[in-house]
Structure formats: C-alpha cells, structure tokens
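Novice: Counting from 1, position 306 in the sequence shown corresponds to residue 306 in this note's numbering; the numbering is continuous, with no gaps.
Every residue gets a Cβ at the ideal spot worked out from N, C-alpha and C, and that includes glycine.
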Amino acid sequence: MNTVLAAEAGGSTARNLTITLFLVFVAITLAITIWASRQTKTATDFYAGGRSFSGFQNGMAIGGDYMSAASFLGIAGIIALYGYDGFLYSIGFLVAWLVALLLVAELLRNSGRYTMADVLAFRMRQRPVRTAAAVSTITVSIFYLLAQMVGAGALVALLLGIKPGTTFLGMDADTAKVATIIMVGALMIIYVTVGGMKGTTYVQIVKAFLLMTGAIVMTLLVLAHYKFNLSTLLGDAAAASGKGENFLRPGQRYGVEVAGNATQTFYNKMDLLSLGIALVLGTAGLPHILIRFYTVPTAKTARKSVLWAIGIIGTFYLLTLALGFGAAAMVGGKAITAQDKAGNTAAPQLAEALGIKFLGGDLGGATLLAIIAAVAFATILAVVAGLTLASSSSLAHDFYANVVKNGQASERQEVNVARISALVIGAISIVLSIFAQSLNVAFLVALAFAVAASGNLPAILYSLFWKRFNTSGAVWAIYGGLISAVVLVFFSPVVSGAPTSMFPEQDWQWFPLSNPGILSIPFGFLCGWIGTVISKEHDEEKYAELEVRALTGAGAH
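1. If you reduce the DSSP assignment to three classes, tell me which class Ser-496 lands in.
2. For Phe-503, list the residues DSSP reports as bridge partners.
3. Which word fits Leu-17, buried or exposed, when buried means at least 16 other C-beta atoms lie within 10 angstroms of its C-beta?
4. Go ahead and label Ser-305 buried or exposed: buried means 16 or more other beta carbons lie within 10 angstroms of its beta carbon, across all protein chains shown.
5. Once DSSP output is grouped into helix, strand and coil, what is the label at Met-183?
6. Is the beta carbon of Tyr-191 sitting closer than 9 Å to the one on Val-203?
7. Just mark Leu-5 as buried or exposed, buried being the case when its beta carbon has 16 or more other beta carbons within 10 Å.
8. Thinking just about the alpha-carbon of each residue, which of Leu-187, Val-184 and Gly-153 is nearest to the one in Ala-173?
9. Tell me whether the beta-carbon of Gly-517 lies closer than 9 Å to the beta-carbon of Ser-141.
10. Rounded to the nearest angstrom, what separates Leu-98 and Glu-106 at their Cα positions?
11. I'd like to check one pair, Gly-195 with Ser-37: are the Cβ atoms closer than 9 Å?
12. Tell me where the alpha helix (DSSP H) around Ser-520 begins and ends.
13. Which runs of the alpha helix (DSSP H) at least 4 residues long sit entirely within the region 279-349? Give them in chain order.
14. Using CA coordinates, which residue listed in Phe-358, Lys-198 and Gly-343 is at the minimum distance from Thr-44?
15. Could you pull out every residue in the same chain whose Cβ sits closer than 8 Å to the Cβ of Trp-510, ignoring the five residues on either side in sequence?
16. Quick check on the DSSP output: what are the complete alpha helix (DSSP H) runs of length 4 or more inside the region 65-147, in order along the chain?
17. Work out the CA separation of Leu-146 and Leu-447 for me, nearest whole Å.
18. Which full runs of the alpha helix (DSSP H) of 4+ residues lie inside the region 370-442, going along the chain?
19. Just to confirm my understanding: we take Ser-496, look at its own chain, exclude 5 residues before and 5 after, and list those with CB closer than 8 Å. What are they?
20. Return helix, strand or coil for Val-203, following the three-state DSSP convention.
21. Mark Val-150 as exposed unless 16 or more other C-beta atoms lie within 10 angstroms of its C-beta, in which case mark it buried.
22. Sort Arg-123, Leu-102 and Thr-139 by Cα distance to Ser-429 and report the nearest one.
23. Would Ser-393 be called buried (16 or more neighbouring beta carbons within 10 Å of its own) or exposed?
24. By DSSP, does Glu-257 sit in helix, in strand, or in coil?
25. Just to check my reading of the structure: Ile-380 and Val-184 have Cβ atoms closer than 8 Å, yes? What is that Cβ distance to the nearest angstrom?
26. Which residues in the same chain as Ala-327 place their Cβ atom closer than 7 Å to its Cβ, once the five residues preceding and following it in sequence are excluded?
27. Report yes if the CB atom of Val-296 is closer than 9 Å to the CB atom of Asn-58, and no otherwise.
28. Please check the pair Leu-187 and Val-24, which I expect to be a contact at CB under 8 Å, by giving their CB distance rounded to whole angstroms.
29. Among residues of its own chain, excluding the 5 on either side of Asn-456, which ones have a beta-carbon nearer than 6 Å to its beta-carbon?
30. Buried or exposed: where does Phe-266 fall if 16 or more other Cβ atoms within 10 Å of its Cβ makes it buried?
31. Are Leu-323 and Thr-219 close, meaning C-beta to C-beta below 9 Å?
32. For the alpha helix (DSSP H) that Trp-476 lies in, which residues bound it at each end?
33. Is it buried or exposed, Leu-102, if we count other Cβ atoms within 10 angstroms and call 16 or more buried?
34. Grab me the residues of Ser-421's own chain with a C-beta within less than 6 Å of its C-beta, minus the 5 sequence neighbours each way, in chain order.
35. Indicate whether Gly-528 and Asn-344 have their beta-carbon atoms separated by less than 9 Å.
36. Could you tell me if Gly-10 is buried or exposed, where buried requires 16 or more neighbouring beta carbons within 10 angstroms of its beta carbon?
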C-alpha cells in the first residue's frame with residue numbers, strides 16, 4: 001500500500017514539476033519572442049535576423065535547429081531497441097555536415113538573400129524556378145514537422161503518467177497526445193509570426209544549451225552507474241534486450257538477412273544503403289538549415305558557424321550512444337515498447353531510472369524525468385519554429401513576392417504574407433501529425449532527408465557548379481526528385497501494408513523499400529540533366545557573375 005502511494009505521489013510530482021518547468025520555458029521563450037518582435041522592423045530582420053549573428057551564435061542555433069526530437073528521442077529509442085543499427089542515424093546525421101560545409105555553406109551565403117530559391121533563380125527565369133523551390137521547401141518542412149510533433153505527442157502520455165484506463169483533466173492518453181500536438185503547433189505559429197528569425201534563433205540557442213546540458217548529465221550518470229566501464233554497459237544492454245550478442249551487431253533492423261528468402265534479404269540491404277545515402281546527402285538540401293547561412297554577415301562567418309555546429313552536433317551524437325545503450329540496459333526493451341511502440345520515450349524513461357538510482361526513490365525519478373522531458377519539449381518547439389519560418393519565408397518571398405506580384409510586393413506585404421503562411425502550414429502539420437503517431441520520429445526525419453536530397457540538392461549543386469544548367473533543368477530536377485521521393489514513400493510500407501504503417505489496416509504498397517533515396521536521388525539528378533539538355537536556354541554571362549559572387553562574396557547582401 002505504501003509503495004503504491006509513493007508511486008502515485010512520485011507520478012503526480014513528476015506531472016506537476018514537468019508542467020511547471022515546461023510553462024517556465026514557454027514563458028521565457030515567449031518573452032524572447034516579444035523582445036525580438038520589437039527589433040524586427042524590415043524584411044531582412046524577419047527573414048535573416050538582420051544578418052547580425054556571430055559564428056558561435058549561429059553555430060549554436062544550427063545545433064538547436066538540427067538536434068531535433070528525432071536526434072534526442074528517436075535515435076536514443078532506435079539504439080535502445082535495435083542496438084548497433086540505431087547508431088547509423090547518428091553517424092549519417094553527422095557526416096552529412098561535411099557535405100554541407102564543403103559544397104554548400106559558403107557559396108550559398110554569398111549567392112543568396114533569404115531563401116534557397118534566391119540562388120537557384122539568380123541566372124534563370126524567376127517564376128517557374130521560385131514556384132518549384134517553394135513547393136519543395138514546404139513539402140520537406142512538413143515531413144520534418146511531422147517528426148517533431150509526433151515526438152511531442154509521445155512524450156505527453158509518459159509525462160502526465162496517463163496509463164491505459166486512466167485520465168488527466170478528463171483526457172485519456174490518445175486525447176492528451178492530440179491536445180499536445182495542437183498546443184505545440186499553436187506555440188510554433190506564435191514564435192514565427194511574432195518573433196521572426198531573431199526570436200526563433202534565440203529560442204534555438206537557449207534550447208541547444210539546455211539539450212547539451214541534459215544529454216551530458218544523463219551520459220555521466222549512466223557511465224557512473226557502470227563505473228565508466230563501457231563493456232559492462234554494452235553487456236548489460238545486450239542481456240536486457242533479449243537479443244544477446246546480436247544486439248551489438250549490425251542487422252537487427254537494417255540489412256536483415258532473411259533465411260531462405262534471397263529477394264527480401266536483397267531489399268533489406270538496399271533499404272540500408274538507401275537510408276545511408278539520404279542521411280549523408282539530405283542536410284545540404286534542408287531548407288530550414290540552408291536559411292541559417294543567411295543570418296550571418298559574411299561567408300567567413302557562415303563557415304565558422306558550420307564548424308561550431310559540427311563540434312556541438314558531433315559531441316551530442318556521441319552522447320546518444322550512452323543514452324540509447326543506457327536505456328536498453330537500465331529500462332529494457334519491453335518497458336520502452338510498452339510505453340511507446342516506436343521507442344520514442346526511451347530517453348525520458350532512462351532519465352526516470354537514473355533519477356531513482358541517484359536522487360533516491362520515485363520522487364528523484366520524477367524530478368529528473370520532468371527536467372529531461374521539459375528539455376525535450378524545448379527541443380521540439382525550437383525546431384518546429386525553424387521549420388515553419390523556412391516554409392513561410394519561401395511561400396512569401398519566393399511565391400508571393402516574386403511569382404504572384406512579379407517582384408512588385410513591398411517588404412511589409414511580404415512579411416504579412418509570411419505570417420499568414422506560418423498559420424496555414426502550422427494547421428496542415430497539426431492535422432497530418434495526428435495520423436502519423438505510430439511512426440518512429442528518427443525514421444520520419446530520414447524521409448524528410450530523402451525528399452530534400454532528391455529535389456533540392458541536385459538543383460543547388462547543378463546551379464552552383466554547372467555552366468550549362470538552365471531554368472528547364474532546375475524545374476525538372478526539383479519536381480522530378482520531389483515527386484519520385486513522395487510517390488515512392490506513399491506506395492512503401494511506411495504508409496500502408498505493415499503493422500507499423502501510418503494506415504496499418506490498408507494495403508496499397510508495391511515499393512518494397514522504406515527509404516526511397518537510392519532511386520529518387522539519382523532520378524532527381526537525371527531529371528536535372530535531361531531538362532537542361534533538351535532546352536536551348538543558356539546564359540554564360542550570368543553563370544560567370546554567379547561564380548564570382550559565390551566564390552568572392554562580391555555583391556552579396
């Protein structure tokens with residue numbers, strides 16, 4: 001009886017503490033947003049934060065933008081459930097930054113103003129290219145937004161202690177998840193419409209600091225529990241997983257060898273390769289990351305900010321190893337999947353176990369769980385704000401100002417349209433997130449990476465490095481890569497035909513891979529080449545001007 005009462009007391013303490021910490025974070029970030037709104041007077045302020053951030057500040061903000069719910073919740077969950085295979089995400093997400101640094105960051109900062117389309121449209125016909133870029137940006141952003149908001153929903157049932165058959169404020173677990181998704185959507189709309197890029201950047205810097213601190217503390221506690229002996233930690237994780245030594249070997253989730261079925265084994269290997277390609281190439285095509293290069297005054301600062309980001313992000317992804325294997329060892333796969341089938345709550349459950357161990361009893365567990373959960377919420381809010389800003393900026397600057405108004409819109413009109421766009425994109429994301437709750441958030445982000453690498457990356461690289469590239473090639477590359485990636489995902493086991501699909505009851509899948517990148521990325525490059533070759537349009541002078549600007553920064557805004 002006493003144990004039950006203590007558990008209930010611990011649960012209500014966790015609930016109250018979590019809600020309090022979350023409200024404190026929301027209050028602080030809203031205050032930052034309101035302050036930033038007073039500094040936001042021009043379109044440059046709204047889209048690029050007045051280009052006033054230092055390399056370190058922008059590096060922290062990039063880290064805050066990039067270390068999403070997928071990194072913190074999704075990767076820890078996949079490592080906890082599948083061991084070695086989960087770490088592929090950490091490696092892929094990190095290596096991707098080298099592509100962004102070496103091929104894109106500096107050239108993009110020198111060539112554009114506010115959005116990715118500024119670079120693509122520089123030497124081409126504005127309307128078709130900007131329309132294609134706006135469509136692509138919104139599609140990628142919505143895929144990414146789904147991941148963050150699904151992560152928020154998964155956290156809530158755990159934090160509020162809602163078990164099957166119990167309620168909180170009259171809501172069961174499913175209703176509470178939906179309510180949370182709506183609340184997160186509402187907050188992200190406020191951040192973007194009120195604070196613009198300045199407010200969003202400062203929210204991301206605060207969040208990056210909190211997330212790094214939380215991950216370091218949890219990692220040190222896990223290692224202290226195992227007396228800094230990694231082999232004991234890995235041994236316990238393997239034993240608790242129920243998979244034994246295989247847990248520490250490849251092939252638990254990706255590249256699985258199916259005895260007697262060579263075809264399925266081949267598909268599994270291809271799926272692994274496809275995932276790797278999308279993770280490594282995706283970052284350089286992510287719109288919400290690309291617009292961060294415009295928030296600094298020079299290309300040199302853009303390069304510095306990417307180096308800071310690599311250091312921050314690299315450290316964090318090393319920590320995900322300890323979080324994932326720690327969760328496997330101290331919480332166990334069964335307890336994790338009982339709370340959330342996709343494993344998205346592994347890190348918060350580990351925090352609870354560490355709190356019980358080091359801070360004493362259920363109250364200690366409740367306290368650490370509340371702190372880490374509030375950090376996870378901070379993570380989600382910061383990333384969704386960045387994504388919404390990227391897509392609303394593209395809709396307003398590329399589509400409204402340059403396509404609808406043909407470059408005649410005033411700055412005030414443009415910013416007003418961006419604010420309305422944020423509202424619409426937020427509403428669409430809320431509705432779609434409610435249907436995607438069964439999917440692992442790291443996996444959802446991998447899909448966003450595949451779509452970005454298929455549609456945006458071919459157009460960006462061709463535009464920067466191929467003299468012959470033209471309007472037709474850009475439009476073909478973006479639409480070809482984008483449509484092929486989205487169609488393959490729609491007809492894959494991700495959407496239907498499997499127990500973990502978005503629509504498990506339905507079955508219209510014919511594409512056997514969960515990750516489309518292995519086909520859609522080369523197809524995007526091929527479409528760009530075909531579109532260019534069949535068109536007679538050719539402007540060498542404009543390319544020469546772009547090349548000088550990209551390499552020297554001459555004429556950069």
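Specialist: Taking the coordinates as given:
1. strand
2. Ser-496
3. buried
4. buried
5. helix
6. yes
7. Here Leu-5 scores only 39 on pLDDT, less than 50, and its place in the model should not be relied on; the value that follows carries that caveat. Leu-5 should be labelled exposed.
8. Gly-153
9. no
10. 12 Å
11. yes
12. 517-533
13. 287-290, 299-330 and 333-339
14. Lys-198
15. Phe-491
16. 76-82, 87-99, 106-111 and 116-120
17. 11 Å
18. 411-435
19. Met-502, Phe-503, Pro-504, Gln-506, Asp-507, Trp-508 and Gln-509
20. helix
21. buried
22. Thr-139
23. buried
24. coil
25. 6 Å
26. Ala-76, Ala-80, Ile-336, Ala-346, Ala-347, Gln-349 and Leu-350
27. yes
28. About 14 Å separates the two Cβ atoms, so there is no contact after all.
29. Ser-136 and Gly-285
30. exposed
31. yes
32. 471-490
33. exposed
34. Ser-392, Leu-395 and Ala-396
35. no
36. Reliability of the predicted coordinates at Gly-10 is poor, the pLDDT of 49 falling under 50, and the value obtained from them is presented with this limitation in mind. Buried, because 16 or more other Cβ atoms sit within 10 Å of the Cβ of Gly-10.
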